[in-house]
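**Student:** Residue numbers (this note's numbering), protein chains in the order written: chain R, 10 to 404; chain V, 77 to 395. Here a beta-carbon is modelled for each residue, glycine too, at the ideal position from N, C-alpha and C.
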Amino acid sequence: MKNLKRILCLALCLMLTLACVPAMAAGSTKIGVLVADATGAEALAFRAYYEKYIANAYDVEFIYSEELNTADGEKNAIDNFIVNNCKAIISFSSVDRPAQIEQCDAAGIYYAVATGTLTDEEYEEFKDYEYYVGAIGPSLNTEFQVGYDMAAYYIDQGMTKFGIFGGAVPYRTDMHIYRAASMLSAMIDKGGEGAAYQGVTDPGAVIGMIYGSGSIETGKIGNLELAAYVGGYDFDDAWFGKLAQMAGTEGIEAILTVGSGVDVLGSFVAGSSVKLATVDSFTSAMGEAMNSGIIDYVAGKFATSIGPIFVATLNAVNGQPIRNEEGYALALDQGYWVAANAEQFAQYYAVDSSEENPAYSKDILDAYAPAGVSYEDFAAFVAQYSFDEIVALKK
Amino acid sequence: MGKQTWKERVPAFASVLGLLVLIAAYYIVGAVRDANVAYGLKAIVNQSVVVALVATGAVFIYTLGSFDISLGAATGVSALLGAMAYNATGSLAVMFLVCVGVAVALGFINSSLASIFNLPIFVTTVAMMSVLSAFMLILIGWNGAGDTIKVKGRDMRPLDNIPFKVVILVLYIALCWFVFTLLPTGREAKFIGGNPVCARLSGINEKKLGIIASLISAVGIGLGAFLTIIYAPTLTKDTASSIGMDVIIAIVFGGMPVSGGPRSRILSAVVGAFSMGFMTQIMSMLNLGSGYGQMIKAAIFLLVVFIALGSQRGKLLTR
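1) I'd like the ranges of any beta strand (DSSP E) spanning at least 3 consecutive residues and lying wholly in the segment 285–329 of chain R.
2) Please tell me whether M212(V) and I305(V) are closer than 8 Å, where the distance is taken between their beta carbons.
3) Leaving aside the five residues before and after I461(R) along the sequence, list all residues of the same chain whose C-beta is less than 7 Å from its C-beta, in chain order.
4) Tell me which residues share the same chain as F350(V) and place their Cβ nearer than 6 Å to its Cβ, disregarding the 5 neighbours each side in the sequence.
5) Can you find a CB in chain V that lies within less than 8 Å of the CB of K84(R)?
6) Quick one, which residues of the segment 277–311 of chain V are near chain R if we go by CB-CB under 8 Å, in chain order?
7) Who does I264(R) pair with in a DSSP beta bridge?
8) For L117(V), count neighbouring C-beta atoms within 10 Å of its own C-beta (all shown protein chains included) and say buried if the count is 16 or more, exposed if not.
9) If you count every other CB in all the chains shown that lies within 10 Å of the CB of R341(V), and 16 or more means buried, which is it?
10) Counting C-beta neighbours from all protein chains within 10 Å, is the total for N194(V) 16 or more, i.e. buried, or is it exposed?
11) DSSP three-state label for Y141(R), please.
12) List the DSSP bridge partners of A348(R).
13) I'd like the span of the alpha helix (DSSP H) that includes V113(V), first residue to last.
14) Assign E152(R) to one of two classes, buried (16 or more other C-beta atoms within 10 Å of its C-beta) or exposed (fewer than that).
15) In this structure, how does DSSP classify D342(R) when only helix, strand and coil are distinguished?
16) Rank L362(V), L235(V), T261(V) by C-alpha distance to the C-alpha of A107(V) and give the top, closest one.
17) Can you name, in chain order, every residue of its own chain whose Cβ lies under 7 Å from the Cβ of R276(V), other than the five neighbours on each side?
18) Could you pull the start and end residues of the beta strand (DSSP E) that Y238(R) belongs to?
19) Taking 8 Å as the threshold (C-beta atoms), are G156(R) and G240(R) in contact?
20) Just to confirm, are V135(V) and A345(V) a CB contact at a threshold of 8 Å?
21) Of all the options P179(R), L43(R), D289(R), G280(R), which has the alpha carbon lying nearest to the alpha carbon of D272(R)?
22) Could you tell me which of Y368(V), M232(V), I137(V), T132(V) sits nearest to N186(V), measuring between CA atoms?
23) Go through its chain and collect everything with a Cβ distance to Y307(V)'s Cβ below 7 Å, but skip five positions before and after it.
24) Expressed to the nearest angstrom, what Euclidean distance is found between the alpha-carbon atoms of L258(V) and P272(V)?
25) Can you list, in chain order, the residues of its chain whose CB lies under 6 Å from that of A54(R), leaving out five sequence neighbours each side?
26) Residue range of the beta strand (DSSP E) that F71(R) falls in?
27) G116(V) CB to nearest chain R CB: under 8 Å?
28) Which residues mark the beginning and the end of the beta strand (DSSP E) in which G41(R) is found?
29) Could you list which residues in chain R have their beta carbon closer than 7 Å to that of D314(V), in chain order?
30) Is the Cβ-Cβ distance between F329(V) and F377(V) less than 8 Å?
31) Just to confirm my understanding: we take T126(R), look at its own chain, exclude 5 residues before and 5 after, and list those with CB closer than 6 Å. What are they?
32) Indicate whether the contact test is met: 3 or more Cβ pairs, each with one atom in the segment 291–307 of chain R and one in the segment 210–229 of chain R, closer than 8 Å.
33) Using 8 Å as the threshold, is the segment 308–326 of chain V in touch with the segment 139–148 of chain V, meaning 3 or more CB pairs across them?
34) CA-CA distance, Y394(R) and Y345(R)?
35) Just the Cα atoms here: how many angstroms apart are G348(V) and F135(R)?
36) By the three-class DSSP mapping on this structure, what secondary structure does T312(V) have?
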C-alpha cells in the first residue's frame with residue numbers, strides 16, 4: 010500500500026508540475042534548429058542571435074535539438090520537431106543531409122541549411138523539392154579562397170617558413186581539404202619559379218593528392234617552405250606532442266590553421282613570435298585571443314550570417330518561398346569576415362554581437378528580403394556579406 | 077512461505093505502473109501543448125525499438141549477475157559490417173545475416189575469452205569495447221568515403237515502418253521469454269545470479285550459461301544493428317555509441333536489479349526502453365533544454381528505482 014501511494018503521489022506531482030509549466034506563446038511560428046555543436050562559442054553566438062534577437066523581432070519560437078553526431082540522432086530530433094508542430098527546420102548538422110531533406114519533405118515541413126551547402130549532386134537531386142528552402146553558406150570556392158588569402162597575407166609580408174594544421178583533412182572533410190589545398194596553392198603561386206607541391210602546381214591536382222593521402226607532405230615549395238604539418242583531432246599525447254613540435258620548429262614564422270587554431274595551438278604559440286592564423290568565428294573568446302596576441306589573423310563566420318536563411322525560411326512558411334525562375338531552391342554563397350588585427354576584430358564583433366542592432370537586423374532583413382522578394386534581389390542581398398557592405402546597407 | 081499478497085506484488089509491477097503513468101502524462105502534455113501525439117507515438121517506437129531489442133537480450137547477461145559494457149560498440153560494428161555487406165551485394169538478406177552473424181561471433185568471442193581466462197564476462201567486455209571502437213574507425217577508413225559508411229536510404233525505405241519493427245521486436249521477445257521462462261536456461265541463470273556458489277555446487281555450469289547468455293544477447297544486438305541501418309542508413313563512428321548506457325538505464329527503469337538473480341524479468345527491458353522513450357518525448361514537448369531534461373530524467377529514474385527496491389529494504393539482502 011505504501012509503495013502504491015508513492016507511485017500515485019509521483020504521478021500526481023508529475024501532472025501538477027506539468028500543468029504549472031507556462032504554455033508556449035500561442036500563435037508563434039515554431040522553427041526547429043538542428044545543431045552539431047551545442048556548447049562551442051560559435052554555436053552559442055548563433056543561438057544568441059536567433060533566441061535573443063530574431064525571436065523577439067519576429068513572432069517565432071526556436072526549438073533546439075541536442076548536440077547531434079549521428080544520422081539516427083538527426084532523425085530523432087526531426088521527429089521531435091514534427092511532434093512539436095514545427096513549421097520549418099534550420100539545420101546546422103550535416104551527418105546525413107539528404108535523409109533530413111527527405112524526412113522533412115515527407116512530413117510537409119520546410120528545411121533549410123545554414124552556414125553550409127549541399128554538394129552539386131545533392132543540389133541536383135533536391136533543388137525542386139517543394140519543402141526544401143535552400144542553403145546559404147560558404148561554397149567550396151569560398152573555402153578555397155579563404156585559405157589562399159590567409160597564406161597570401163603572410164607571404165606578402167615576406168614570411169617564408171610555415172606550418173599548417175590540417176584539422177579534419179585525414180577524415181576527408183571537404184572544407185578543410187580545400188582550405189589546406191589553397192594555402193599550398195598560394196605558396197605555389199608566390200613561391201617563385203619552379204615552385205610546386207610534390208611536383209604539381211594545379212590546384213585541382215593538389216586537392217586530389219590531399220584527398221588521396223589524407224595528409225600533407227612538408228618540404229620546399231619554391232623559395233617558401235612548409236616546415237611542419239599536423240592533421241586530425243586525436244587529442245592524445247602523441248598528437249599534442251606533434252603540435253608542440255610544430256610550434257617549436259626552428260625558424261617557423263606562421264602557422265596557418267584550417268580551423269580551431271586557438272584551441273589546438275594557442276597554448277603552444279603563446280609568448281612566441283610565431284604568428285597564428287585561423288578560420289573560425291567572431292566570438293568574444295576569439296577577441297580575447299586577438300587582444301592577447303595569441304591569434305594574429307581570423308577569417309570567421311559572423312553570428313548574424315544566419316539572418317538571411319532565417320528570413321528565407323520564414324517567407325517559405327508564410328507561403329512565399331524564394332525560388333529562381335526555374336523554380337529551384339536557394340544555393341547562395343556566403344563568405345567570411347577577415348580581421349587581421351585586434352582593433353579590426355573588435356569593430357566587427359561589436360556590430361555582429363549587438364543585441365539591439367546586429368549586422369543583419371530586422372530593418373535590413375525586412376528591407377532587402379521582404380515577403381515576395383525575387384531570387385535575384387535576394388541573391389544580390391546575400392552576396393553583400395562583407396562587413397563594409399553590410400554597414401553600407403544599414404545606412 | 078505463503079502466497080504473496082497484492083501488497084507484496086505491487087513493487088514487482090511498479091515499473092509497469094510507471095510506464096502507464098508516463099503514457100498518461102504523454103497524452104496530457106500533448107493535449108496541453110497541442111502536439112502531434114499520433115506522430116509522437118511513431119517516433120517513440122522508432123527511438124525505443126533498438127534499445128528494447130538489445131536490452132531484452134542483455135537481460136540474460138545481467139541475470140547472471142554480470143554486465144556487458146560493449147553492447148554499443150558491438151552494435152556499431154555489426155551495423156557497419158552489415159552496411160558494407162549490403163553495398164557489396166545489394167541484398168537485404170545478406171545484410172541481415174551479416175549483422176546477426178557478426179554480433180553472434182563477437183558474443184562468442186566475449187564469452188569464450190571469459191571462459192578460457194576464467195574471468196567475469198564484464199572484464200572481457202571492457203577490453204572488447206575498446207577494441208571494437210577502434211575497429212569501427214578502421215572500417216570507416218577502409219571504406220574510403222570520408223567519415224561515414226552509407227547505404228542507399230531508398231533501398232531501406234520499404235522496411236523502415238512501424239509494423240515491421242514491432243514484428244521483429246515481438247518475435248525476439250517471444251523467443252527470449254520462451255528460453256528464459258520455460259526452459260531450464262532461465263532458471264539456471266537466475267540461480268547463478270542469486271547465489272553463484274550454490275548454483276555451482278548444484279552442478280550448474282556457469283561458463284556454459286555465460287556462453288548461452290552471450291549468444292542470445294548477441295542475436296538482439298544483431299537485430300538492433302539491422303534496424304539501425306534501416307532507420308538511419310548513414311553510419312559513423314558514433315553509431316550506437318549510447319546504447320550501452322541506454323540498456324542499463326532501460327533494464328533498471330524496467331524494474332530489474334542490475335545485480336541480476338531471481339528477480340530478473342525479460343519484460344523489464346521492454347518496459348524500461350519504452351518508459352525512456354515516453355519520457356524523452358514528454359521532455360521534448362515541454363521544450364526543456366537538454367540539461368534540464370537530463371536532470372529531470374535522472375530524478376525520475378532514481379525515484380523509480382527507489383520505489384522498485386522499496387520492498388527489499390529491511391529484509392534479508394538478496395545478491
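**Tutor:** Put simply:
1) 306–310
2) As a first step, residue 212(V) is located in the second sequence; it is residue number 136 there, counting from the start. As a first step, residue 305(V) is located in the second sequence; it is residue number 229 there, counting from the start. No.
3) The structure shown does not extend to residue 461(R), since chain R is modelled only from 10 through 404, so no value can be given for it.
4) Counting from one through the second sequence, the residue named residue 350(V) turns up at place 274. S124, listed in sequence order.
5) To locate residue 84(R), count along the first sequence from 1; it is residue 75. Yes, because at least one Cβ of chain V sits closer than 8 Å to the Cβ of K84(R).
6) Residues T304, Y307, A308, P309, T310, L311.
7) Sequence index remark: in the first sequence, residue 264(R) carries index 255 (1-based). Bridge partners of I264(R): G172(R), L285(R).
8) Stepping through the second sequence from its first residue, residue 117(V) is reached at position 41. Result: buried.
9) Numbered from 1 along the second sequence, position 265 holds the residue referred to as residue 341(V). Per the 10 Å Cβ criterion, buried.
10) Start at 1 with the first residue of the second sequence, and residue 194(V) comes out as number 118. With fewer than 16 other Cβ atoms within 10 Å, it is exposed.
11) Looking up residue 141(R) in the first sequence gives position 132. Three-state DSSP puts Y141(R) in a strand.
12) The residue you call residue 348(R) lines up with position 339 of the first sequence. Answer is V307(R), bridged to A348(R).
13) Working through the second sequence from its first residue, we reach residue 113(V) at position 37. 113–139 is the span of the alpha helix (DSSP H), which, as asked, contains V113(V).
14) Here residue 152(R) refers to the residue found at position 143 when the first sequence is read from its first residue. So E152(R) ends up on the buried side.
15) Position 333 of the first sequence, counted from the start, is the residue given in the question as residue 342(R). In the structure shown, D342(R) sits in a strand (DSSP, three-state: E or B).
16) As a position in the second sequence, residue 107(V) is number 31, starting the count at 1. Of the listed residues, the one whose Cα sits closest to A107(V) is L362(V).
17) One-based indexing of the second sequence puts residue 276(V) at position 200. The answer, listed in chain order, is E282.
18) To locate residue 238(R), count along the first sequence from 1; it is residue 229. It spans 233–239 - the beta strand (DSSP E) in which Y238(R) sits, taken as one unbroken run.
19) Here residue 240(R) corresponds to residue number 231 of the first sequence, with the count starting at 1. Here residue 156(R) corresponds to residue number 147 of the first sequence, with the count starting at 1. No, Cβ-Cβ distance for G240(R) and G156(R) is not below 8 Å.
20) Here residue 135(V) is taken as the residue at index 59 of the second sequence, counted from 1. Here residue 345(V) is taken as the residue at index 269 of the second sequence, counted from 1. Yes.
21) Here the question's residue 272(R) lines up with position 263 in the first sequence. Out of P179(R), L43(R), D289(R), G280(R), the CA that lies nearest to the CA of D272(R) is found in D289(R).
22) As a first step, residue 186(V) is located in the second sequence; it is residue number 110 there, counting from the start. When only C-alpha atoms are compared, the closest one is I137(V).
23) Counting from one through the second sequence, the residue named residue 307(V) turns up at place 231. Contacts found: N122, D236.
24) Start at 1 with the first residue of the second sequence, and residue 258(V) comes out as number 182. Start at 1 with the first residue of the second sequence, and residue 272(V) comes out as number 196. Straight-line Cα distance between these residues: approximately 21 Å.
25) Counting from 1 along the first sequence, the entry for residue 54(R) is found at position 45. Taken in chain order, the residues that qualify are T292, A312.
26) Taking the first residue of the first sequence as position 1, residue 71(R) is located at position 62. Segment 69–76, the beta strand (DSSP E) holding F71(R).
27) Working through the second sequence from its first residue, we reach residue 116(V) at position 40. Answer yes: the Cβ-Cβ gap between G116(V) and chain R drops below 8 Å somewhere.
28) Locating residue 41(R) in the first sequence gives position 32, counting from the first residue. Where G41(R) is concerned, the enclosing beta strand (DSSP E) stretches over 38–44.
29) To locate residue 314(V), count along the second sequence from 1; it is residue 238. Ordered by position in chain R, the residues that pass the 7 Å Cβ test against D314(V) are N78, T79.
30) Locating residue 329(V) in the second sequence gives position 253, counting from the first residue. Locating residue 377(V) in the second sequence gives position 301, counting from the first residue. Yes, the Cβ-Cβ distance between F329(V) and F377(V) is below 8 Å.
31) Counting from 1 along the first sequence, the entry for residue 126(R) is found at position 117. Taking T126(R) as the centre and dropping the five residues before and after it, the same chain places the C-beta of A144, G146, S148 closer than 6 Å to its C-beta, in chain order.
32) Not touching, per the Cβ criterion.
33) yes
34) Here residue 394(R) refers to the residue found at position 385 of the first sequence. Here residue 345(R) refers to the residue found at position 336 of the first sequence. Inter-residue distance for Y394(R) and Y345(R) is about 8 Å (C-alpha atoms, whole angstroms).
35) If you number the second sequence from 1, residue 348(V) lands on position 272. If you number the first sequence from 1, residue 135(R) lands on position 126. Roughly 39 Å between the two C-alpha positions.
36) Residue 312(V) sits at position 236 when you count from the first residue of the second sequence. Note: T312(V) maps to coil in three-state DSSP.
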